[in-house]
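Here the working numbering = 1-based position in the sequence shown + 69. I have placed the structure first, in the form of structure tokens, so that the comments after it can refer back to it.
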Amino acid sequence: MDTAYIGKSRKRVDGVKKVTGTATYVGEFKPNGLVHGYVVNSTIANGKIVAIHTDKAKLIEGVLEIFTHENLPEDLVHNVDYTDPLSPPGHPFRPLYNDNILYNGQPIALVVAESFELARYAAGLVEVEYQVEECSTDIMKNRDSATSEGVEDTAPNRGNPELAFTNAEVQIDVEYSQPRHYHNPMEPHVSIAEWDVDNKSFKIYDKVQGVNSSQKYICGIFNLNSEKVQILSPFVGGGFGSGLRPQYQLFLAAMAARELHRPVKVSLTRKQMFSFGHRPACIQNTQLGASKEGKLESIIHKAYGETSKFEKYNETIVDWSGMMYCCDHVKLEYELIPVNVYTPMDMRAPGGATGMFALECAMDELAVKANIDPLEFRLINYANKDQNEDKPYSSKELKECYRQAAEHFGWHQRQTKTIEKKDDTVLVGYGMATGCWEAMQQKSSAKAVLDSSGKLVVSSSTADIGTGTYTVMSQIAAETLGVSMMDVQFDLGDTSMPKAPIEGGSWTVSSVGSAVKAVCIKIKEQLVDLAKVSSNENLDEVSYDEVSCADGELVLPNGKSINIKKILKKAALDKIEAENTLEPEERQEQYSCYAHSCVMVEVNVDKDLGMITVPRVTSAIAGGRIINPKTAESQILGAITWGIGMALEEEGMIDDRNGRIMNANLAEYHMAVHADVQQLDVLFVEEHDDIVNPLGAKGLGEIGIVGVASAIANAVYDATGKRVRNLPITLDKIL
Ligand code: MOS
Numbered sequence: 070m071d072t073a074y075i076g077k078s079r080k081r082v083d084g085v086k087k088v089t090g091t092a093t094y095v096g097e098f099k100p101n102g103l104v105h106g107y108v109v110n111s112t113i114a115n116g117k118i119v120a121i122h123t124d125k126a127k128l129i130e131g132v133l134e135i136f137t138h139e140n141l142p143e144d145l146v147h148n149v150d151y152t153d154p155l156s157p158p159g160h161p162f163r164p165l166y167n168d169n170i171l172y173n174g175q176p177i178a179l180v181v182a183e184s185f186e187l188a189r190y191a192a193g194l195v196e197v198e199y200q201v202e203e204c205s206t207d208i209m210k211n212r213d214s215a216t217s218e219g220v221e222d223t224a225p226n227r228g229n230p231e232l233a234f235t236n237a238e239v240q241i242d243v244e245y246s247q248p249r250h251y252h253n254p255m256e257p258h259v260s261i262a263e264w265d266v267d268n269k270s271f272k273i274y275d276k277v278q279g280v281n282s283s284q285k286y287i288c289g290i291f292n293l294n295s296e297k298v299q300i301l302s303p304f305v306g307g308g309f310g311s312g313l314r315p316q317y318q319l320f321l322a323a324m325a326a327r328e329l330h331r332p333v334k335v336s337l338t339r340k341q342m343f344s345f346g347h348r349p350a351c352i353q354n355t356q357l358g359a360s361k362e363g364k365l366e367s368i369i370h371k372a373y374g375e376t377s378k379f380e381k382y383n384e385t386i387v388d389w390s391g392m393m394y395c396c397d398h399v400k401l402e403y404e405l406i407p408v409n410v411y412t413p414m415d416m417r418a419p420g421g422a423t424g425m426f427a428l429e430c431a432m433d434e435l436a437v438k439a440n441i442d443p444l445e446f447r448l449i450n451y452a453n454k455d456q457n458e459d460k461p462y463s464s465k466e467l468k469e470c471y472r473q474a475a476e477h478f479g480w481h482q483r484q485t486k487t488i489e490k491k492d493d494t495v496l497v498g499y500g501m502a503t504g505c506w507e508a509m510q511q512k513s514s515a516k517a518v519l520d521s522s523g524k525l526v527v528s529s530s531t532a533d534i535g536t537g538t539y540t541v542m543s544q545i546a547a548e549t550l551g552v553s554m555m556d557v558q559f560d561l562g563d564t565s566m567p568k569a570p571i572e573g574g575s576w577t578v579s580s581v582g583s584a585v586k587a588v589c590i591k592i593k594e595q596l597v598d599l600a601k602v603s604s605n606e607n608l609d610e611v612s613y614d615e616v617s618c619a620d621g622e623l624v625l626p627n628g629k630s631i632n633i634k635k636i637l638k639k640a641a642l643d644k645i646e647a648e649n650t651l652e653p654e655e656r657q658e659q660y661s662c663y664a665h666s667c668v669m670v671e672v673n674v675d676k677d678l679g680m681i682t683v684p685r686v687t688s689a690i691a692g693g694r695i696i697n698p699k700t701a702e703s704q705i706l707g708a709i710t711w712g713i714g715m716a717l718e719e720e721g722m723i724d725d726r727n728g729r730i731m732n733a734n735l736a737e738y739h740m741a742v743h744a745d746v747q748q749l750d751v752l753f754v755e756e757h758d759d760i761v762n763p764l765g766a767k768g769l770g771e772i773g774i775v776g777v778a779s780a781i782a783n784a785v786y787d788a789t790g791k792r793v794r795n796l797p798i799t800l801d802k803i804l
């Protein structure tokens, strides 16, 4: 029996369940007496509800209740806490709280009926009279209202960047912009809430990226202790950040269930999936200066991000520019522009995908101006230390990413400086960019139970948003205790399990994975203690570290081994268990922990039609130890695909007259699909890191998208000679 799993490609342990439809997703639970809520959304972006007429809808047989701000339960109005663990500074949105309209798409009524269809039909009969006030949703038009109020600190400035820029031999001074992006996971947001009238407690199924965050939110609003609120989320059909904060359907389902004493399901439609949170629109000004030899002399990066009128959403956009490359003169600024939209939310590599888009395009522009190969230009300015914090990296194999990507892609063999014609109609171009993302570890807990049949059950209230948490945690547990993966069960998505952070920030493997490893080591230690009592071997002098685990046995320093099932039998124990909480080690503080990548792309541009295709992408990733190369590669493939969409297609369009999202559907909100993807090659560069966390794994959920849009934009320039600085690069912009 081979029980070494870490570093080996494994199929998803939940794969069969998923493809056979036996994995029960949140919206598929059917508690007895389930009724359905349908949300009515505002059609204006700013103003007040003058009247809301529900009488016609109420006449429909099967309609149970219609909730609006006029009949919101009294206890939810006063002294309630609507914050969640990720609430930015400001006042979180409170559904149905009063007659104020803060954004178009705001939920203003919930119709509850015996069936979804009835609820939806009746919702169409609700009539709303508004007092409309002027709204404003365009950040370009509202640049004057940019404010640093509520902005978290950016990395410190250094040197004299203005002067260094003026004196630089080679300069660029350009502006980049990008539109709103919407997460659009395949599974829409949905909550099913059950209220136990006697016990005054909730049991809620919620599509979310972390059950503990929904629990905190519900406890705060309904004034309940955490024992009274159980949140379950066993399978999640994609998140990308949309499930990092609890959404309004959770509140509505819980409120209605408590009032009606019936389980209530509120599921959002695809259109409604555009009615909360998005990657904010952003304007970025970059001034870069360098010597003729390509040494960076000044970096000035100012970003204007979008936020709502009620919360100050912050992203880390400009800090990357101070960290990535050696440069003595750096100025970083970040301001927010409040407009009449819902508060933006983290979306895959929040801030990084945005900030590195500008930086890596600007680096390309400067390299071209200095007449230096863009890869060479980055190597000239390569930073061995975090330039913002002057700290060493826990590890940084970015040079090796550059080398391997270049070799695999054939970077040095490409045709440059001439616009190569594939044939009479197609222009070919090549571009590259650097990627970077934080490698964070969060406090996490896990529990392990080993029974006498040899079955190991490990649990933690983390999530699997499709990334492979079930699989990877099973691998880590099985390898740590030296048992077969067949004997391991990993449970997640339940607030009754030991606490874990939300699944975000690419930190699940490093945080929960390390906690799983630690708790399995505790089980091993218990086994060693039991063996000391029951074994014929003299183990008195043997320390825990000297005992390893493999093939279902404890392996002793003398080479002999003891079967772990037999240890439990001899001790007459049905099971042993351990629970443990792991926090990052203090020594991490002395280091900067990041994953890095190099992205290289080829684009083809139709000379007459302006159509851009991406025949080839190579992404070389340094992400520490790769626990499961198969699921790891899938993360990067998905992220590259999304990067293609970011570069060429994705654009949330809002009608500035009324704040309405015009393309709130998957037909008109274009994103990269199978037809947009050709050759995508993912290389994992070997990187050893004993500091970043006990597993040495950096997390791969987000790094894959960073740099992709810039590499494509740079390649489009290489092909066409045109710099398109406002995403997406649609054909009209290059003709
Ligand atoms: Mo990610 S945007 O932290 O789900």
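Every residue gets a Cβ at the ideal spot worked out from N, C-alpha and C, and that includes glycine.
Taking the alpha carbon of Ile-118 as the reference point, which residue from Val-108, Tyr-107 and Glu-139 has its own alpha carbon closest?
Glu-139
Beta-carbon proximity list for Gln-341, same chain, < 7 Å, skipping 5 on both sides
Correct list, in chain order: Val-108 and Asn-110.
Segments assigned beta strand (DSSP E), at least 3 residues, entirely inside the segment 86 to 161
104 to 110, 116 to 122 and 132 to 136
Identified DSSP bridge partners for Glu-469
Answer is none; Glu-469 lacks a bridge partner.
Under a Cβ-count criterion, where at least 16 other Cβ atoms within 10 Å of its own Cβ denotes burial, should His-370 be classed as buried or exposed?
By the 10 Å Cβ count, His-370 comes out buried.
Euclidean distance between Cα positions of Thr-72 and Ser-583
18 Å
Sequence-ordered residues whose beta carbon comes within less than 6 Å of a heavy atom of the ligand MOS
Gln-278, Gly-308, Phe-309, Gly-310, Leu-313, Asp-415, Met-416, Arg-417, Pro-419, Gly-573 and Gly-574
Tell me the residue span of the alpha helix (DSSP H) that contains Gly-424.
For Gly-424, the enclosing alpha helix (DSSP H) begins and ends at 421 to 438.
Since Ala-281 is in the beta strand (DSSP E), which residue starts that stretch and which ends it?
Going by the sequence as given, residue 281 is Asn instead of Ala. No beta strand (DSSP E) holds Asn-281; the alpha helix (DSSP H) holding it covers 280 to 291.
Taking Cβ to Cβ, would you say Val-259 is nearer than 9 Å to Gln-353?
no
Contacts around Leu-103, its chain only, beta-carbon distance under 8 Å, and the 5 residues preceding and following it disregarded
Ile-261, Arg-331, Pro-332, Val-333 and Lys-334
Are Ala-532 and Thr-577 touching if we call contact CB-CB under 9 Å?
yes
Quick check on Val-785: buried or exposed, where buried means 16 or more other Cβ atoms within 10 Å of its Cβ?
buried
Beta-carbon within less than 8 Å of Arg-227's beta-carbon, same chain only, minus the 5 sequence neighbours each way: which residues are those?
Gly-391, Asp-397, His-398 and Val-399
According to DSSP, Glu-198 sits in a beta bridge with which residue or residues?
Glu-198 pairs with Ala-120.
Whose C-alpha, out of Met-554, Ala-587 and Met-566, is nearest the C-alpha of Val-82?
Met-554
Run through the segment 196 to 271 for me and flag every whole beta strand (DSSP E) of 3 or more residues, listed as ranges in chain order.
List check, beta strand (DSSP E) in window: 196 to 201, 239 to 247 and 259 to 265.
For Val-775, count the other beta carbons within 10 Å of its own beta carbon; 16 or more makes it buried, fewer makes it exposed. Which is it?
buried
Mapping the DSSP letters down to three states, classify Phe-185 as helix, strand or coil.
helix
Only counting the same chain, and skipping five residues up and downstream in sequence, which positions put a Cβ closer than 6 Å to that of Thr-412?
Ser-377, Glu-380 and Tyr-382
Can you confirm whether the segment 725 to 733 touches the segment 762 to 770 when touching is taken to mean that 3 or more C-beta pairs between the two stretches lie within less than 8 Å?
no
Candidates Gly-551, Val-132, Ile-798 and Gln-704: closest to Lys-593 by CA position:
Taking only the C-alpha atoms, the option nearest Lys-593 is Gly-551.
Local conformation of Phe-753 per DSSP, three classes:
If DSSP states are grouped into helix, strand and coil, Phe-753 belongs with the strands.
Going by C-alpha distance, which of Glu-771, Val-686 and Leu-796 is nearest Val-751?
Val-686
Check the DSSP bridge columns for Cys-618 and list the partner residues they point to.
Leu-623
Contained beta strand (DSSP E) runs [length at least 3] in the segment 691 to 758, N- to C-terminal order:
748 to 753
For the alpha helix (DSSP H) containing Ile-781, list its first residue and its last residue.
777 to 789
Please determine, among Glu-429, Ile-75, Ser-543 and Leu-651, the residue with the shortest C-alpha to C-alpha distance to Cys-505.
Glu-429
Please list the terminal residues of the continuous beta strand (DSSP E) segment that includes Phe-446.
Per DSSP, Phe-446 belongs to no beta strand (DSSP E); it is in the alpha helix (DSSP H), 443 to 449.
Evaluate contact between the segment 532 to 546 and the segment 562 to 579, counting only Cβ atoms and requiring at least three cross-stretch pairs below 8 Å.
yes
Enumerate in chain order the residues of its own chain whose CB-to-CB distance from Val-495 is below 8 Å, with the five nearest sequence positions on each side excluded.
Asn-673, Val-674, Asp-675 and Lys-676
Are Ala-647 and Lys-516 touching if we call contact CB-CB under 9 Å?
yes
Using DSSP's beta-bridge definition, name the partner residues of Leu-301.
Tyr-274 and Asp-563
Reduced DSSP category for Lys-644 - H, G, I as helix; E, B as strand; rest coil
strand
Reference Asp-598, options Tyr-245, Gly-193, Ala-418 and Ile-636, closest by Cα:
The shortest Cα separation from Asp-598 among Tyr-245, Gly-193, Ala-418 and Ile-636 belongs to Ile-636.
Please list the terminal residues of the continuous alpha helix (DSSP H) segment that includes Val-611.
It is not in any alpha helix (DSSP H) - Val-611 carries neither H nor E in the DSSP assignment.
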